[in-house]
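Residue numbers (the working numbering), protein chains in the order written: chain A, 1 to 294; chain B, 1001 to 1245.
The beta-carbon is built from N, C-alpha and C at its ideal position, and this holds for glycine as well.
Note that the coordinates shown come from a computational prediction; the quantities given were computed from them, not determined experimentally.
All remarks here apply to the structure that follows.
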Amino acid sequence: MNQYTCPYCRQPSDPSNPTCPLCGAPVDIKTVVSDSGWVEQPAIRDMAKLQFGQSHVQITGTRVPTAEFTLAPQDWIYFSHHVLLWTEPQVRMQTMKLKGGWNRVMAGMPLYMMQAQGPGHISLSDNHAGEIVALPLHHGQSMWVKEHRFLGSTGNVGYDWDSNHIWFTTGSGDEKEWHYPMGQYGDTFTASGGPGLLLLHSPGNAFIRDLHHGQSLLVQPSSLLYKDISVRMHLHLEYPRNQGFSFWSGNLDYRQIWVRLHGPGRVAVTSVYQPAEECEPITDFSYNTTSHRW
Amino acid sequence: MTCGAPLNVHDKVSDSGWREAPKLRDMTEFRFSASTCQVEGELVPVAEINLSPQDGVYFEHHVMLWKDQTVPLSSLRTAGGMKRTLGGMPHIVTVANGPGRIAFSHNHPGELVVLPLHPGMELDVREHAFLLASHSIQYSFVRIKGLANVLHGGSGMWMDRFITAGYPGLLMLHGAGDVLERMLRPGEKILVEPGGFLYKDSSVQMQALQLPVKIGMMRHIYMAEMTGPGRVGIQSMYVHHHAGE
């Protein structure tokens, strides 16, 4: 009986391989954990293979790695069209229309996904330096993923998206502006009918951490990569103490924008993110927002 | 002439036949003609050339990182000046002659691709991917023919063409991200994201192909259809050019 569970994808796995056949994490290395409990997600080794259905995906490269699928006739994948690097002509492709098209367009998200059906080879890559993160999902398991981090998925993983409910506004009247520090929408993926495989692209390095029940953590909104759906999140505003810079009390608003995560569950962040630069005073914010003034 | 590839590692070839370009180790040094090239760094690598008095290299001026004060520079005008300028391509390349040291780098993460060219070879390279070439290599360009290519092919209107006549030469490219190469058999086809195309043997035919899928009301996906025989090189980081109205 197999007792080994991969510490990264949390699935029963085979320790006799050099890499986990489900998520590609090296088996023969010691887990690197920071003092605060962040586990460094090890990069998938060059040419490592991940099995799914009758097919597999091979990760090639290390700077901007590609995911090269060898699709069996009965297997299919879907992905956003802009990550398609190359394909063999015999791979059958079609579009997969998504609900809420107008809202997706307004939020800068792709209106369509592409489906690719085997047999044949097809390869996907993001165009940022970083790592591919593989998340094998068991039947019924769901995962929340930040928008624009999705690379590709097996066909039996359902895709849904919903508002993050994390926003704030600046200005008022005709000059009112809405801000979504972690994007307006988030993606939710759920495996059904069997295990599925979800591939993400992490710009930079990826770190994972388990939050206990009731434990909370502040992270940069744009750094969040994925989380268990049991992890709740909301906006948190932090105002450093003003030490003599009185001009900031005028039209500018010196603050830190966070997203507060509440356990239980697993969260992952990436080391590349875009900090919020807006300094105008906040006039309104999403429900459940908390704040702290030092 | 050598290319600096480590000899004590196996070729990394994916299941479908793409071979990774050999990762040049930091401070790798190799020779061409009577000169040497040393590759420094691994994230955004630098090619440092030690030119002997009888050698020279040419390049697009924006890739020059530093040089000895004594290395003379000259300019080489290319044909089709105004058309190339309108296409966003330089119509002048810069030439550096020995003796002395000069260094080149692009400004994004990637790898240097070292391509020693034997006499009688022709290689096509996507615009702006060319880092430098030794003076024995002839430089020209190919205007990609066909309206579909001009409108929808992400590699744009021009490809640089490098030809060796009677002498071997050294060509260096910069590939964004990771670089992969595949050898196509005669008649074998592969569809490549146009922005991912890096180089090909001139024997490989390239044309824009509209896929039978729509990604919007009037938007289609276009891929570069490459037909063998010959080798094709791609880069994994690119500006995608799928959509055409």
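Hey, does residue i have any beta-carbon neighbour from chain A nearer than 8 Å?
i, result
"SER1203 (chain B)", "no"
"VAL1150 (chain B)", "Residue placement at VAL1150 (chain B) cannot be trusted, given a pLDDT of 48 that sits under 50; what the coordinates show is reported in the next sentence. Chain A, which has no Cβ nearer than 8 Å to the Cβ of VAL1150 (chain B), makes this no."
"MET1183 (chain B)", "no"
"MET1237 (chain B)", "yes"
"SER1109 (chain B)", "The amino acid at residue 1109 (chain B) is misidentified as Ser; the sequence shows Pro. Yes, because at least one Cβ of chain A sits closer than 8 Å to the Cβ of PRO1109 (chain B)."
"GLY1244 (chain B)", "Since pLDDT at GLY1244 (chain B) reaches only 40, below the 50 mark, its modelled position is unreliable, and no value is offered."
"GLY1196 (chain B)", "yes"
"GLY1177 (chain B)", "yes"
"ILE1215 (chain B)", "yes"
"ASP1026 (chain B)", "no"
Leaving aside the five residues before and after residue i along the sequence, list all residues of the same chain whose C-beta is less than 6 Å from its C-beta, in chain order.
i, result
"LEU1178 (chain B)", "The sequence as given places Asp at residue 1178 (chain B); Leu does not occur at that position. Same-chain partners within the cutoff: SER1236."
"GLU1122 (chain B)", "ILE1163, SER1202"
"GLY193 (chain A)", "ASN156"
"PRO73 (chain A)", "GLY118, PRO119"
"VAL57 (chain A)", "LEU50, ALA67, PHE69"
"GLN94 (chain A)", "GLN115"
"VAL32 (chain A)", "GLU40"
"ASN205 (chain A)", "SER271"
"THR87 (chain A)", "ILE122"
"ASP228 (chain A)", "GLY265, ARG266"
Mind reading off the beta-carbon distance from residue i to residue j? Whole number of angstroms is fine, and I expect it under 8 Å.
i, j, result
"ARG241 (chain A)", "TRP294 (chain A)", "4 Å"
"GLY1169 (chain B)", "ILE1137 (chain B)", "4 Å"
"ASP46 (chain A)", "GLY61 (chain A)", "7 Å"
"ALA48 (chain A)", "THR5 (chain A)", "Their Cβ separation, rounded to whole angstroms, is 19 Å, which puts ALA48 (chain A) and THR5 (chain A) out of contact at 8 Å."
"ILE122 (chain A)", "LEU71 (chain A)", "7 Å"
"PHE189 (chain A)", "PHE285 (chain A)", "No, PHE189 (chain A) and PHE285 (chain A) are not in contact; Cβ-Cβ is about 28 Å, not under 8 Å."
"SER1035 (chain B)", "GLY1100 (chain B)", "Not a contact, Cβ separation roughly 10 Å."
"TRP1018 (chain B)", "GLU1181 (chain B)", "7 Å"
"LEU197 (chain A)", "ALA134 (chain A)", "6 Å"
When the cut-off is 8 Å and only beta carbons count, does residue i lie next to chain B?
i, result
"GLY118 (chain A)", "no"
"LEU84 (chain A)", "yes"
"HIS292 (chain A)", "no"
"ASN127 (chain A)", "yes"
"GLU88 (chain A)", "yes"
"GLU68 (chain A)", "yes"
Quick check: the Cα distance between residue i and residue j, rounded to an integer number of angstroms?
i, j, result
"GLU1020 (chain B)", "PRO1186 (chain B)", "22 Å"
"SER1134 (chain B)", "VAL1057 (chain B)", "4 Å"
"HIS138 (chain A)", "ASP14 (chain A)", "16 Å"
"VAL1232 (chain B)", "HIS201 (chain A)", "25 Å"
"ASP1160 (chain B)", "LEU1198 (chain B)", "11 Å"
"GLY1175 (chain B)", "VAL1113 (chain B)", "7 Å"
"GLU1225 (chain B)", "PRO65 (chain A)", "22 Å"
"ASP1026 (chain B)", "PRO1045 (chain B)", "8 Å"
"HIS1062 (chain B)", "TYR1167 (chain B)", "27 Å"
"ILE282 (chain A)", "MET233 (chain A)", "19 Å"
"HIS1010 (chain B)", "LEU151 (chain A)", "29 Å"
"LEU1065 (chain B)", "ALA1103 (chain B)", "5 Å"
"HIS292 (chain A)", "MET143 (chain A)", "30 Å"
"ILE29 (chain A)", "PRO42 (chain A)", "9 Å"
"CYS279 (chain A)", "SER172 (chain A)", "15 Å"
Report all residues from its chain with a CB closer than 7 Å to the CB of residue i; omit the five preceding and five following residues, and keep chain order.
i, result
"GLY214 (chain A)", "GLY263"
"VAL269 (chain A)", "PHE207, VAL219, SER223, LEU224, LEU225"
"MET182 (chain A)", "LYS146, ASN164, ILE166, PRO221, SER222, LEU224, VAL259"
Note down, in chain order, each residue of its chain lying with its Cβ closer than 8 Å to the Cβ of residue i, except the 5 sequence neighbours on either side.
i, result
"GLU1060 (chain B)", "PRO1090, VAL1093, THR1094, HIS1128, PHE1130"
For a test of your reading of the model: does the CB of residue i fall under 7 Å from any non-hydrogen atom of the ligand PLP? Yes or no.
i, result
"HIS179 (chain A)", "Ligands in the displayed structure: none, and consequently the ligand PLP is not present."
Task: Residues of the region 266–284 of chain A with Cβ closer than 8 Å to any Cβ of chain B, in chain order - done: If you check each beta-carbon in the region 266–284 of chain A against every beta-carbon of chain B, none falls closer than 8 Å.
Open item on the list: Can you pull out the residues from the region 1033–1055 of chain B whose beta carbon lies closer than 7 Å to at least one beta carbon of chain A?
Closed with: Using a CB distance below 7 Å, no part of the region 1033–1055 of chain B faces chain A.
Open item on the list: Residues of the region 23–51 of chain A in Cβ contact with chain B at a cutoff of 7 Å, in chain order, please.
Closed with: The region 23–51 of chain A vs chain B, Cβ under 7 Å: ASP46, MET47.
Task: Contact residues within the region 1115–1146 of chain B, judged by C-beta distance below 9 Å to chain A - done: Flagged: no residues at all.
- [ ] With 7 Å as the limit, tell me which residues of the region 1002–1016 of chain B have their beta carbon closer than that to any beta carbon of chain A; keep them in chain order.
- [x] Cβ contacts with chain A: LYS1012, SER1014, ASP1015, SER1016.
TODO: Please list the residues of the region 128–156 of chain A that have a C-beta atom closer than 9 Å to any C-beta atom in chain B, keeping them in chain order.
DONE: Along the region 128–156 of chain A, going in chain order, the ones with a CB nearer than 9 Å to a CB of chain B are HIS128, ALA129.
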